[in-house]
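Visitor: My questions will all concern the structure given below.
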Amino acid sequence: MLQITPAVAIPDHEIELTAIRAQGAGGQNVNKVSSAIHLRFNIAASSLPEFYKERLLALNDSRLTKEGDIVLKAQQHRTQELNREDALARLKALILDARQVQKARRPTKPTRSSQKKRVDQKKQKGQIKNLRRKNWD
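Under full-length UniProt numbering, read the sequence shown as residues 1 to 137, first letter to last.
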């Protein structure tokens, strides 16, 4: 059971964990040991509350498939157990991040004094460039 919050947990049977061979250099064991973990979690079929499901399905994330599955691959560690813990921790972090509602951004305008400073600096630069020119009178 993966405990997300004190009130929300995901049963083990809803998370599909598969051992696969990891990519990259691995020495003698690279072709023999399946130490990487492939995690698949179906959001729609899960027992998560509707709020979590809506927020997760609205994510614009490459780890989310069109069918509504979250797919994670963990291969950071050398052992299968550590990779399994890493994949579950990343799933938990993803769900917790989706739970937080972003504060709406209010567009702001530059202050009047900063606008005046900007125009004054432009005028000063123009004067400097004007003084560099040759007089053709």
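Just so you know, even glycine gets a beta-carbon here, dropped at the ideal spot from N, CA and C. Every value quoted in this text rests on a predicted model; they were computed, and no experiment measured them.
#1: Given that a residue counts as buried once 16 or more other Cβ atoms are within 10 Å of its Cβ, and exposed if not, what is Asn-83?
#2: If we ignore side chains and look at the alpha-carbon of each, how far apart do Asp-12 and Arg-105 end up?
#3: Between the alpha carbons of Lys-109 and Ile-4, how many angstroms are there, rounded?
#4: Name the two residues that bound the continuous alpha helix (DSSP H) containing Glu-85.
#5: If you follow the beta strand (DSSP E) that Asp-69 is in, where does it begin and where does it stop?
#6: Can you tell me whether Ala-58 is buried or exposed, with buried defined as 16 or more other CB within 10 angstroms of its CB?
#7: Smallest Cα separation from Glu-14: which of Leu-91, Ser-114 and Val-119?
#8: Name the DSSP beta bridge partners of Gln-3, please?
Guide: Let me lay it out:
#1: Under this definition Asn-83 is a buried residue.
#2: Going from the Cα of Asp-12 to the Cα of Arg-105 covers about 38 Å.
#3: So the alpha carbons of these two residues sit roughly 40 Å apart.
#4: Note, Glu-85: alpha helix (DSSP H), 80–99.
#5: In the DSSP annotation of this structure, the continuous segment of the beta strand (DSSP E) that includes Asp-69 starts and ends at 69–74.
#6: Burial state of Ala-58 is exposed, judged by a 10 Å Cβ sphere holding fewer than 16 other Cβ atoms.
#7: Ranking Leu-91, Ser-114 and Val-119 by Cα distance to Glu-14 puts Leu-91 first.
#8: Paired residue(s): Ala-9.
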